[in-house]
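Chemist:
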Amino acid sequence: MVDVKGLVGKKIEFLTIPYGSIHAFSVQTAGALLDRDTELVLYTNMLGELYQIKQDFRSAKANLWALQKLLCNHVLGEDKDPLPGVESYQCHQDSEGGIFGLLTGLRFNERPVDSVAMNNVLHSDPPILQGSEMVEMAFQGHRDITLFTTKRLITIDKKGLFGKKIEYFSMPWDKFVAFGVRKAGFLIDFDTEVLLYTELAFYPGQPGDDNSPPIPPRPEESCLELDFNKNCVDLFALKYYLTRRIMEISKLERGAPIDLQPLTNASPDPKGFERLFQWLGSDQREIDPTELDVEFHTNIKILLDDERVLMAFKAGRDVNLFTNLRILSIDVQGLVGCKIEYTSIPYRSIHAWSVESAGIWDRDSELNLYTRNRWHIAKVEMDFRSGKTDIMQIQKLMTGFCVGLPSDKKMVFGPKDYSRHERNAVGMSSLAAAFFDNSKEIDAGEMNDNFHNEIPLLLEEEQVLRAFSQARDAYIYTNRRILLVDTKGLSGQRVKYKSIPFKHIHSFEFETAGHLDRDAELYCYTTIADVQSNGIPRSVGLLNTKHSILVKYTNIYEMGQLMLENCVFAEQTKDDTEPEIEVLLY
1 MVDVKGLVGK KIEFLTIPYG SIHAFSVQTA GALLDRDTEL VLYTNMLGEL
51 YQIKQDFRSA KANLWALQKL LCNHVLGEDK DPLPGVESYQ CHQDSEGGIF
101 GLLTGLRFNE RPVDSVAMNN VLHSDPPILQ GSEMVEMAFQ GHRDITLFTT
151 KRLITIDKKG LFGKKIEYFS MPWDKFVAFG VRKAGFLIDF DTEVLLYTEL
201 AFYPGQPGDD NSPPIPPRPE ESCLELDFNK NCVDLFALKY YLTRRIMEIS
251 KLERGAPIDL QPLTNASPDP KGFERLFQWL GSDQREIDPT ELDVEFHTNI
301 KILLDDERVL MAFKAGRDVN LFTNLRILSI DVQGLVGCKI EYTSIPYRSI
351 HAWSVESAGI WDRDSELNLY TRNRWHIAKV EMDFRSGKTD IMQIQKLMTG
401 FCVGLPSDKK MVFGPKDYSR HERNAVGMSS LAAAFFDNSK EIDAGEMNDN
451 FHNEIPLLLE EEQVLRAFSQ ARDAYIYTNR RILLVDTKGL SGQRVKYKSI
501 PFKHIHSFEF ETAGHLDRDA ELYCYTTIAD VQSNGIPRSV GLLNTKHSIL
551 VKYTNIYEMG QLMLENCVFA EQTKDDTEPE IEVLLY
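Next up, the structure:
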């Protein structure tokens with residue numbers, strides 16, 4: 001992008017945006033009467049003004065379809081084969097009528113239409129699809145259309161009274177962070193909903209004043225919400241299709257090898273006050289995943305063929321499953337329990353996580369998942385019943401899938417440990433270190449032994465490179481991640497272990513100590529969403545960390561070298577397949 005500035009035009013800005021930073025795009029045709037402009041919108045995952053880039057064109061001076069084709073060539077990636085067993089609804093005709101047909105029609109929820117006919121039309125007039133791209137599923141509402149193709153999601157939005165202005169929005173399958181389907185509720189709820197979570201922006205909302213009420217935040221492109229007619233769409237077939245397309249098992253980062261055997265056991269149902277406290281606090285307990293694994297492979301086909309449920313937990317009516325490919329949450333809603341939401345978060349979308357042991361007066365331990373989505377799953381919180389769940393076993397599983405490598409040795413899970421951790425109470429030295437807010441380097445070998453044996457947080461191939469102590473807290477730098485240890489409370493019973501993989505740190509800087517300073521600083525900038533405010537306006541940035549290091553014991557340049565080796569020069573799996581570029585002559 002070339003931006004000529006000033007009256008003279010001598011100041012010129014040249015802005016370059018790699019195609020890899022474009023997560024979605026849309027083209028819009030000109031409207032009726034005096035509307036002569038077409039429009040292009042690029043959606044990026046960047047913060048600030050560049051989250052959305054708009055450009056208008058004179059309809060008679062720019063070929064909109066050639067521009068759309070160019071973006072398809074560079075953004076959509078390699079060709080993909082059609083999935084077997086997908087219903088195309090060829091020559092489909094709606095049979096629903098009567099009052100229910102009228103009500104669902106008024107709600108504008110979408111019904112399946114002939115995907116073969118859509119495929120034929122959109123290869124020529126207008127030429128939206130690539131030559132090798134095929135429409136697999138198609139849905140139509142009152143005027144709008146949603147398409148699931150072999151390479152992307154397409155929404156076609158007809159605007160205005162005459163519907164001549166049409167927006168074609170495209171987003172590749174590999175750009176989605178997570179996805180969910182929500183079953184329709186009881187009686188007059190006619191919608192089956194699909195939720196597609198992305199890394200794109202949301203509308204933060206506006207606070208109200210004396211003259212106008214507040215405007216609440218809206219998800220916009222950060223969570224695409226699609227409504228389908230519950231009587232015409234097979235909910236589980238739709239979820240199974242999205243699972244195959246979004247997770248794309250051939251490209252998944254599998255993590256460390258693991259034996260696909262159940263890791264949780266059935267625990268007795270709580271009774272009396274324990275049952276009440278568990279329901280009020282949403283504290284989960286272990287259940288046997290075997291029956292759920294069979295059910296979700298047969299009667300309710302949600303899981304992929306080579307996917308296995310390793311852990312299962314239940315709190316009230318809700319269930320969370322940890323498979324070898326993702327975390328699947330089943331949320332039963334409403335008094336009757338007919339409305340059920342199934343949310344899938346692939347491990348590749350988890351950019352950081354933390355586990356927190358139960359405190360001396362607490363009944364629950366915690367697991368927090370951090371993604372790049374900036375809406376509801378920016379941070380996912382799970383509570384587990386203390387004494388009924390081995391939180392460190394969950395931590396080990398997350399470590400294997402998020403920072404493990406296929407070349408690692410097969411993970412071995414020892415006997416379960418439901419006990420609490422050793423206390424680390426507050427002392428005078430702890431208070432002094434916390435007051436000065438800096439850390440002192442400690443023996444990395446000792447911490448390596450501690451986190452492999454006493455508190456088994458690390459993989460067998462993972463080694464502690466540098467370690468620092470600040471009061472009762474610690475900063476641990478391994479060859480795979482940064483581990484932040486935060487000891488809470490006067491008793492020191494509650495300890496939080498937060499892991500930030502190096503692969504999700506996109507930049508860093510370090511600052512040497514000044515003339516009278518005792519410490520240097522190391523800053524890390526990540527790709528992890530950081531919810532700063534859930535109010536109005538809603539604010540979600542990216543997580544940044546700051547580590548103050550006493551220069552008396554540590555050379556800050558050595559820490560810069562450590563970050564350079566693990567963030568920039570670390571070995572990464574690359575896809576060497578080049579997408580096929582289509583050249584069209586107009």
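When you number the sequence shown by full-length UniProt numbering, it's gap-free, plus one each residue, and the end is 586.
In this text, a Cβ means the ideal position worked out from N, Cα and C, and glycines have one as well.
Model, not experiment: these values are computed from the prediction.
1) Leaving aside the five residues before and after P346 along the sequence, list all residues of the same chain whose C-beta is less than 6 Å from its C-beta, in chain order.
2) Tell me the residue span of the beta strand (DSSP E) that contains E341.
3) When you compare the stretch 161-173 with the stretch 26-39, are there three or more beta-carbon pairs, one atom per stretch, that lie closer than 8 Å?
4) Quick one: what does DSSP say S386 is sitting in, helix, strand or coil?
5) Can you tell me where the alpha helix (DSSP H) with E291 in it begins and where it stops?
6) How about T526 and I500: are their beta carbons less than 8 Å apart?
7) Taking only three categories from DSSP, how would you classify N63?
8) What's the call for E565, buried or exposed, on a 16-neighbour Cβ count within 10 Å?
9) For F569, count the other beta carbons within 10 Å of its own beta carbon; 16 or more makes it buried, fewer makes it exposed. Which is it?
10) Alpha carbon to alpha carbon, what distance is there between Y240 and L303?
11) Judging by CA-CA distance, which residue of R518, F57 and N534 is the nearest neighbour of I556?
12) Assign L102 to buried or exposed, taking buried as 16 or more other Cβ atoms, counted over all protein chains shown, within 10 Å of its Cβ.
13) Pop quiz: V485 and Y497 are said to be a contact at Cβ under 8 Å. What is the actual Cβ separation, rounded to whole angstroms?
14) Can you say whether N544 is buried or exposed, counting buried as having 16 or more other CB atoms within 10 angstroms of its CB?
15) Return the CA-CA distance between E291 and H297, expressed in angstroms with no decimal places.
16) Under three-state DSSP, which class holds V181?
17) Measure the Cβ-Cβ separation of D125 and D144 and say whether it is below 8 Å.
18) Roughly how many angstroms lie between the CA atoms of K230 and H142, to the nearest whole one?
19) Report the rounded CA-to-CA distance for V540 versus L367, giving the unit in angstroms.
20) Going straight from the alpha carbon of K503 to that of C567, what length do you get?
21) Which class does L226 belong to by DSSP, given the choice of helix, strand or coil?
22) Classify Y342 as buried or exposed, calling it buried when 16 or more other Cβ atoms lie within 10 Å of its own Cβ.
23) Just tell me which of D81, G185, F176 and V412 has its CA closest to the CA of E136.
24) Note the first and the last residue of the continuous alpha helix (DSSP H) segment covering I391.
25) Taking the straight line between their C-alpha atoms, what separation do you get for E221 and I22?
26) For F322, count neighbouring C-beta atoms within 10 Å of its own C-beta (all shown protein chains included) and say buried if the count is 16 or more, exposed if not.
27) Can you check DSSP and say which residues form a bridge with E167?
28) Closer than 6 Å by C-beta to G20: which residues in its own chain qualify, once you throw out the five before and the five after it? Chain order, please.
29) Taking the C-alpha atoms as reference points, what is the distance between G334 and E193?
30) What distance in whole Å lies between the Cβ atoms of M411 and P257, which are believed to be in contact at a cut-off of 8 Å?
31) Take residue 592 and list the residues in its own chain whose beta-carbon comes closer than 7 Å to its own, dropping the five residues that flank it on each side.
32) Tell me whether the beta-carbon of Q284 lies closer than 8 Å to the beta-carbon of R385.
33) Determine whether the beta carbon atoms of K416 and D390 lie at a separation below 8 Å.
34) Nearest by alpha-carbon distance to I482: which of F236, C223 and C524 is it?
35) Given this structure, state the Cα-to-Cα distance separating A138 from P112, to the nearest angstrom.
36) Looking only at C-alpha atoms, which of F179, D331, L70 and M563 sits nearest to I128?
Modeler: Looking at the atomic coordinates:
1) M247 and R326
2) K339 to P346
3) yes
4) coil
5) T290 to E295
6) yes
7) coil
8) exposed
9) exposed
10) 7 Å
11) R518
12) Unreliable positioning characterises L102 in this predicted model, as indicated by a pLDDT of 42, which lies under 50. A coordinate reading is not provided.
13) 6 Å
14) exposed
15) 10 Å
16) strand
17) no
18) 16 Å
19) 20 Å
20) 6 Å
21) strand
22) buried
23) D81
24) I391 to C402
25) 13 Å
26) buried
27) Q28 and D157
28) none
29) 16 Å
30) 7 Å
31) Limits of the chain in this structure are 1 at one end and 586 at the other, which puts residue 592 out of reach.
32) yes
33) yes
34) C524
35) 6 Å
36) L70
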